[in-house]
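As structure tokens, the structure follows; a few thoughts come after it.
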Amino acid sequence: MTEARHQNLILGTSDGVEFILAEVNDFDPEIELTRQNQEFMAFLDERGKQTKTVSAAEARARLGLTNE
Numbered sequence: 740m741t742e743a744r745h746q747n748l749i750l751g752t753s754d755g756v757e758f759i760l761a762e763v764n765d766f767d768p769e770i771e772l773t774r775q776n777q778e779f780m781a782f783l784d785e786r787g788k789q790t791k792t793v794s795a796a797e798a799r800a801r802l803g804l805t806n807e
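Throughout, our numbering is defined as the position within the sequence shown, counted from one, plus 739.
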């Protein structure tokens, strides 16, 4: 675990399966940068005011997708 604090590790099993051990980040710096983006925050504000919804079936129809 000490080594994993400094870099991501690839762990391998005897049968060749590999896993990654990585730090889980709390994303605080990314959240702060996003909050400082005035254009994006304005977009979210406007989007949050929308009351009309579209069903999944309608979205598929608009995109020309089938219900498979």
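Even glycine gets a Cβ: it sits at the ideal position worked out from N, Cα and C.
- Close CB contacts of G751 within its chain, under the 6 Å cut and outside five residues either way in sequence, are with E757 (chain order).
- Note: F782 is not bridge-paired with any residue in the DSSP secondary-structure output.
- Assignment of E769 by DSSP, reduced to helix, strand and coil, places it in the helix class.
- Each of D754, S753 and I759 was checked against the Cα of A743, and the nearest Cα belongs to I759.
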